[in-house]
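A quick write-up on the structure given underneath.
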Amino acid sequence: MFDVQTALDGASFDGAVRVAELTGQGMISLRGDLGDATLRDAVSALTGHDIPAPLHAAWSGEVTTVWMSPDELLILLPYADAAGAARDLQGKLAGTHALVHDMSDARSLFRLTGPALRDTLAKLTPADVSPAGLPVGMARRTRLAQVPGAFFLRDAQTADLVCFRSVARYVFDLLKTAADPAGRVGYFEGFPEP
Amino acid sequence: MTRYSAFAIAREAFRQHKGWDRAWENPEPRKSYDVIIVGGGGHGLATAYHLGKNHGITNVAVLEKGWLGGGNTGRNTTIIRSNYLQDPSAALYEKSRSLYETMSQDLNYNVMFSPRGVMMLAQTEHEVRGYKRTAHANALQGVTTEWINAKRVKELCPIMNIDGPRYPVLGALWQARAGTARHDAVAWGYARACSAMGMHIIQKCEVTGITSQDGRVTGVTTNRGDIGCKKMGIVVAGHSGALAEMAGFRLPIESVALQALVSEPIKPCMDVVVMANTVHGYMSQSDKGEMVIGGGTDGYNNYTQRGSFHHIEETVRALVETFPMISRLKMLRQWGGIVDVTGDRSPILSKTPLDGCFINCGWGTGGFKATPGSGWAMAELMAKGHSPLTDAFGLERFREGRFIDESVAAGVAH
Amino acid sequence: MLTLQCPYCGVQCDETELTAGGEAHLTRHGPGSDADTFEQYLFLRENPRGVHFERWRHAHGCGKWFHAARSTTTLRVFGTYKAQTTEPPQQIRDAISAVHPGWSWRNFGETA
Amino acid sequence: MSLRLSTGGRLIDRTTPVSFRFNGRHLKGVKGDTLASALLANDQMLMGRSFKYHRPRGVMAAGPEEPNALMGVGRGERFEPNQRATQQPLTGGLTAQSQNHWPSLEFDVGAINARLSRFLPAGFYYKTFLFPRPAWKHVFEPVIRQSAGLGRPPEGPDPDRYEHFNVNVDIAIVGGGIAGLQAALIAGRAGKTVLLMEQTAQWGGRAPVDGDLIDGGPAQAWIDAAVADLAAMENVQMRRETMGAGVYDHGYLLAHETLSHGVPEGPRQRLWRIRAGHIVTATGAIERPIPFAGNDVPGVMLASAVRDFVVNYGVAPGKRTVIATNNDDAYRTALALLYAGLSVPLIVDARPEVTGALPEQARARGVRIEAGTAIAKVKGGKRVEGVALCAQDGEGAVTEEVVCDAVAMSGGWSPVPHLWSHCGGKNTWDAAQAHFAPDPDRAPTGADGSAFVTAVGAAAGTLQGDVALGSATARIAALVDVSADAPAVEVAAEAPLAACWMMPARASYELRSKMFLDFQNDVKVSDVQLAAQEGFVSVEHTKRYTTLGMATDQGKLSNINGLAILAQELGEEIPNVGTTTFRPPYAPISMASIAGEARGEIFQPLRRTPMHDWHEAHGATWEPVGHWRRPYAFPRSGESVHDAVQREVKNTRQNVGLLDASTLGKIIVKGPDAARFMDMLYTNMMSTLKPGKCRYGLMCNENGFLVDDGVVARLDEDTFLCHTTTGGADRIHAHMEEWLQTEWWDWKVFTLNATEQFAQIAVVGPKARDLLHSLGGMDLSKDALPFMGWVDGTIAGIPARVFRISFSGELSFEVAVPANRGRALWDKLVEAGEALGVMPYGTEALHIMRAEKGFIMIGDETDGTVIPQDLGLDWAISKKKDDFIGKRGQQRSFLAADDRWRLVGLETLDGSVLPDGAYAVAEGTNANGQRNMQGRVTSSYHSPTLGRGIAMALVERGPERIGEVVNFAMTDGSEVPARICSPVFFDPNGEKQDV
Ligand SMILES: Cc1cc2nc3c(=O)[nH]c(=O)nc-3n(C[C@H](O)[C@H](O)[C@H](O)COP(=O)(O)OP(=O)(O)OC[C@H]3O[C@@H](n4cnc5c(N)ncnc54)[C@H](O)[C@@H]3O)c2cc1C
Ligand SMILES: NC(=O)c1ccc[n+]([C@@H]2O[C@H](COP(=O)([O-])OP(=O)(O)OC[C@H]3O[C@@H](n4cnc5c(N)ncnc54)[C@H](O)[C@@H]3O)[C@@H](O)[C@H]2O)c1
Ligand SMILES: Cc1cc2nc3c(=O)[nH]c(=O)nc-3n(C[C@H](O)[C@H](O)[C@H](O)COP(=O)(O)O)c2cc1C
Ligand SMILES: [Zn+2]
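Shown next as structure tokens:
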């Protein structure tokens, strides 16, 4: 896979939070009736866990499923597995009205780690990122400054954030500026996690 | 009416300014008038003025629900230009611009028309083509405009960053005789001139209903009683939908908030009006020194005269990029107006399904510049039933598909 | 700066996460419709000072179109509901009636 | 003279001197000073010049309401005009300059205006400068403009950084005085998330200065305890130097935080966008000046400001201060001055009788109090030298003169109603206190129709400490539904004030024309009266005619006095006259803070394709398309852009060229109803397209106008891949979703915008096939992949989908690969293509090649008013379909007319290139005197292939007029003849692309 080159080649930055582009990340978009039993089974078989509740992410092993809309899921899995998994899923859903597509290259994924996580996000998004508004496991699709983006917390100090590939540099630069240690806000750091 | 002049001021200076009379009278409404104009904004007043001046019709009342000029006339960024693309627009706006040139003298009221020049920046190839096209059209329409290069842009407006890393300025469409005017003075000057002709300017008089007989308008009901008329002009901008409903028809119009802001005043540093459409912002400096900045429209119907703050952010962001020096300048005040936007974003000057009732609306974000021309044309339409300047702006154009679409040349319409 | 709740995902959306889509409950008229009807459909708009039914899209979110009943003068929101319907739900109509008895909007409203 | 006292100053640290420069002079203050207090300590009473008359002005207030002491602060790129000296903390090395004078503050030529002021009343400019007409533009306006403005413009570019911060809270409290603190304590204890903000650097507001006793101790002790309690609550956040700037609909609160007054390490300012369940305004009250003649002479100040300077900064505005008042509160200033060892020779009280507890204390200390008395006139020019007295109930006949060097005035207090009012909160007139106060029954209402702002403390009209805490306690307890007790506050009982809108009550014109209402904009009592006389009787007219309240302080000191004068003049009650509209921001905020982080690289998102870096490294000149940047051309060193484009075209036609087509939209449409949906979306019949095949399609809007085009590939029976224009991808995807969700929601179709999943490279030219074959992996022969077909496979080891489509007329393949492998494929093509003469080409070469072939370009041939029929694309409009989006629109009379302007080609007779956008003229003029037109150029290029100018144009009945010569007008008035021809200039039979 020597010629697989993500948008930022795995760039990272250490500030009030650590920001790193994850390489080797694959993604599958699935649109379909999330209540459909065939679909649910097929997805669970692939991911190893149940379809997450609305506005949530669920994960097990190397696979994470993010609820994107009432009829859309985003499945995160190793890049090398994505194309094959998409084909398999497509196959299982042959008789079902659903759209499966390997989107591993369409988006960039950043991992944010550190206690200033919520403060950093709050500089960029209008979404409520307080512990009550964004508990661990909840996934929000929203706006990051001037582009669409989505994020969820894996734990109190770790968030995964996705954006479109073409704006990866912009989002990385935004995060870098927001996570500048000299711009510490200290707002959410005091907030209790519920 | 006391004539205004430097001499009159000197005279009054020595008698404690006791000799100035009311700029316009404050009469009680009569039972009926030949013509009622609903709406005491610039367009309504200009219509009344030209009914009298050009057509000798002076038994006219202008009914204003609040204070004169308190609608969009009193809250716009005052850009006056006529470099429009389509023939009917160019004709109307150029007529208007030329009337602005002599308005102060015509009205004996200094409206401070300042032909300092308006430039519309081209920051993409697409805009370059659009503006060159407009320049070509203008040359045939009798509108003097010019395509200028980036160097000339910088000479005319030294505070601009033409090498913006993101959108370098590629040139501009320049109209040297375009500019700004003192918006309130336009309303006041017209009101004074109308009043001098014997017309009635009636404020705090809200039209709440329109009466008709056999499909012909007969008058209005207002909070100050019923008033009869032979003809009526509805000139209420953002409130056109409500008035049309009273008259029994519907319009291709939605009313939305448009915002503007001013900075604190600073010493003169910008002598032209700049519109930057790629980044969405425009700015000029008033005679008092504030930077006058126009924002964007909300996407939703709204009558509150307040808008959403993110439009202010977008505009200011664009202008800080274009004029980096305003970064440390402070915003003094922001406000909103309710603009009436039509299906093709061009105005409506038209007869209506109700006989004797005419409508002038749909100026949206850009009708201040049209004030005198619109009044001129509307008066002609109302007096004669037809005007070459209004022909293309009839209500029927939507069903015919005959749009007058100005956005095609890349622009917003301020 | 409006906030509207998306009826699909439940998010309390900031206005900047939404795009506005104009009047709701328009009936499409295509080939074969007469000039009046077509003009009505494409151009002639409700523009009330008061309750308005309008369309929004949760664009920076779940991507779904929904409808809102909102006052254009107070900006009060009487409710939001999914777009896959040709008329506003009763409970929203009731909420409007509680505040604006006798209201009407196109074919809907109270026949007082 | 003003001076530093030897004792006192609760906010300063006398042991730490701070040096600064004012107008070039080196001065010293101490830590904790504001610029204003430090200047006063240096006896710098004169701090600026007024806007219109250039009158000498000193500091008048101690907070954001200050109208006069505006300074230019900082140097070079960090220079900032119009900073209020009262809010500028003194930092080491600070440089400040006074404003609006020439050549110097002391001697200002512009002050001539003050002498001419009788000729310059309100609105004088509307009445003059009328003749001769050209003189306005060339003489009068330039002169007026030269005198405009206050500070000098900043220089920029601003080296500092700014940011935004978004929070959601249950309750946001603006104002950290005792009322705000109490509100926060109650809400915090009730478990609400609370954000408490205070614009100054101190908690506590006026109480410590006014000497309130709370819970039996000094206010400061209670404040310290409250702050400690709040700091310990996890659900409460506290921010100082954070100003509530504006209240917007649905509980949106904007706040502005100052992080640095000097050279910041991080951001300089932060703009808070707060979504609050409820907003509490605890913003206190502002004292009103009294209109008397000479109330603007430096040394005349608000009584509370005098008190602030003495108590907070240990600075005395004067040694002998006369106090003018109509209320008891001003006596606190007298007492503070006495306590500091200063002299108060006289208190002038407009009330006929003066009895309260505070006056008694002053009397007991031997202060002379004159009841029913007024200041007839303040003596002095650049500083106060004395006052002349008269009876309040008279015309101003002077009874006595008193020597003094400062005057402290108080006309009573007005709540700060701005934030309450921004979003529609209404105020009622309180006659007893002579002010407007928020009416809790007419609060701003939010999304659910209920009130979302509550005013408490002095901001609610409950001015004194006891009632201020009382209202804060009662209202917030009710709001959060708890019970709470207010702490006990001991304050001196105050006797009622007597409204005093003018001193003396029946002042002569001479005096009224020296009584300032709006200090910064030089609006006097006589100006408001003139406005009323001339019929500008609406308060909004008066404001606009006189500019009252339009200065940088937005009338914080002047509005109430102004409208009281107006009411008096009209014989109306004050509430009938009403206030002007309150608008954000509360006090001015920097443009930079509004723009936030969006500057430099992150001004806007810049979308990059996987090959972006390669283009950059190879000298691409860019063309912005939406947020993308596409290479316009790849000039080599020494080559002009024009030459590069010509080379790129030639090379592509002769050898092989590479185009980065990744930005084209790629939308997948799938489902049992996909074909049916595609037939509605496109004007063409798409349902008949066979899997494995491509078709060029057109999309219109409901009006019938062409909005996008692109190649559609059918992937399988129920799946289509739609290519859109670069600018169209997001728009068209949204358009599809809109129709699916809101019109045909029962159709079984899913869409997915897969634009960024793929990098797409167009390999174009006679050697294109050779190049691709040289990479190995796929058979792309004519038989294996015929024209308008597509096939999946692997090229150079990379999974690829290859489309055989051509936008140039050449043999052409578009190769789509996963985006993360796009760069690798590009590199391989460049490397392998070297021998074949491969060159990249940009958008301009693309444009020229398509124009040589007569292919239309959305945005060039279309402009939102063009229908496909105009472009000769009737073949792409299915006649068999009953309906598609836009079909009905196209049937309207104007669109169906046969004299529409239609697409043709043009050849100039001399081979020259027609200018883009030129119009073809026709005979005569229209009814408005405009030259008639019969067409226009839509695209025009020098064709390197044909060696001459070619153009596409829309001409009236164009296709019927092939061979005819029409004239195109140049902007200089000349005309260029051109012959109408077919728009297909090159390879009309399409032989080159189909090999
Ligand atoms: C922020 C902003 C910036 C703008 N910038 C520009 C610009 O730079 N250049 C430009 O050319 N244009 C600009 N415009 C547009 C321009 O202001 C308007 O098009 C123009 O002023 C409209 O004038 P009018 O007389 O038609 O309407 P208005 O001035 O709005 O007058 C209509 C009047 O009708 C009255 N009325 C309403 N209903 C009733 C009733 N029932 N009974 C009696 N009276 C009633 C209203 O009170 C109002 O006074 C801007 C607009 C805004 C809001
Ligand atoms: N006796 C009188 O006539 C009289 C009159 C007025 C005030 N007072 C005194 O006022 C005090 C009342 O307490 P209070 O808390 O209501 O008022 P306060 O004036 O003590 O506190 C208000 C606080 O709000 C801050 N503030 C104002 N606008 C702001 C904004 N936009 N953003 C952020 N902060 C802002 C101010 O800086 C101040 O600290 C008592 O001490 C009382 O004695 C007395
Ligand atoms: C061209 C122009 C210049 C303005 N300049 C100022 C100004 O210098 N100071 C000010 O306070 N307001 C200024 N305003 C704004 C008005 O105060 C006011 O906000 C606006 O007319 C809308 O009215 P409203 O806020 O009363 O609704 C200006 C408005 C316009 C249209
Ligand atoms: Zn949603």
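Protein chains in written order, with full-length UniProt numbering: chain A, 1 to 194; chain B, 1 to 414; chain C, 1 to 112; chain D, 1 to 995. Note that the Cβ used here is the ideal one computed from N, Cα and C, for glycine as well.
- With a cut-off of 8 Å on Cβ pairs, the region 655-664 of chain D is not in contact with the region 731-742 of chain D, counting fewer than three such pairs.
- Taking every protein chain shown into account, the CB of B/Asn-223 has fewer than 16 other CB atoms within 10 angstroms, so this residue is exposed.
- At a cut-off of 8 Å between beta carbons, C/Trp-56 makes no contact with chain D.
- The three-state secondary structure of B/Leu-319, taken from DSSP, is helix.
- Beta-bridge partners of B/Trp-188 (DSSP): none assigned.
- Leaving aside the five residues that flank B/Asp-106 on each side, none in its chain has a CB nearer than 6 Å to its CB.
- Annotation: the continuous beta strand (DSSP E) that includes D/Trp-413 extends over 413-415.
- For A/Asp-41, the enclosing alpha helix (DSSP H) starts and ends at 37-47.
- Here the distance from the Cβ of B/Ala-260 to the nearest heavy atom of ligand 3 is below 7 Å.
- Between D/Leu-566 and D/Asp-518, the beta carbon gap of about 13 Å keeps them out of contact (Cβ cut-off 8 Å).
- With 6 Å as the limit between CB and the heavy atoms of ligand 4, the residues that fall short of it are C/Cys-6, C/Tyr-8, C/Cys-9, C/Val-11, C/His-58, C/Gly-61, C/Cys-62, C/Lys-64.
- When the beta-carbon positions are compared, D/Ala-364 and D/Arg-351 stay at least 8 Å from each other.
- Set against 7 Å, the gap from the CB of B/Ile-79 to the closest heavy atom of ligand 1 is smaller.
- Around B/Ala-242, the beta-carbon contacts reaching into chain C at under 9 Å are Asn-47, Pro-48, Arg-49.
- DSSP places D/Pro-218 in the strand class (E or B) of the three-state scheme.
- The three-state reading of DSSP puts D/Thr-462 in coil, since its state is none of H, G, I, E or B.
- Of all residues in the region 731-750 of chain D, the ones placed with a Cβ closer than 7 Å to any Cβ belonging to chain C are Glu-737, Glu-738, Gln-741, Thr-742, Glu-743, Trp-745, in chain order.
- One thing to note: A/Asp-160 has its Cβ no nearer than 8 Å to the Cβ of A/Val-136.
- Interface criterion met: the Cβ of A/Leu-174 is under 8 Å from a Cβ in chain D.
- The three-state secondary structure of A/Cys-163, taken from DSSP, is strand.
- If you look at B/Thr-47, you'll find it in the alpha helix (DSSP H) that goes 42-55.
- Chain-ordered, the chain C residues with CB closer than 8 Å to the CB of B/Gly-343 read Leu-42, Phe-43.
- Taking the C-beta atoms as reference points, D/Arg-821 is found nearer than 8 Å to A/Val-4.
- Listed in chain order, the positions of the region 226-252 of chain D with a beta carbon within less than 8 Å of a beta carbon of chain C are Tyr-248, Asp-249, His-250, Gly-251, Tyr-252.
- Here DSSP, grouped into helix, strand and coil, assigns D/Gln-891 to coil.
- The C-alpha of D/Ala-675 is placed about 9 Å away from the C-alpha of D/Met-685.
- Using beta-carbon distances, D/Trp-272 does not count as an interface residue toward chain B, since no partner is under 8 Å.
- Separation of D/Pro-153 and D/Leu-70 (C-alpha to C-alpha, rounded to the nearest whole angstrom) is 14 Å.
- A direct Cα-to-Cα measurement between D/Leu-895 and B/Glu-400 gives close to 8 Å.
- Closest by C-alpha distance to D/Asp-393, out of D/Gly-412, D/Asp-349, D/Thr-652, is D/Asp-349.
- Between B/Leu-354 and the set B/Met-232, B/Gly-52, B/Ala-237, B/Val-169, the nearest pair of CA atoms involves B/Met-232.
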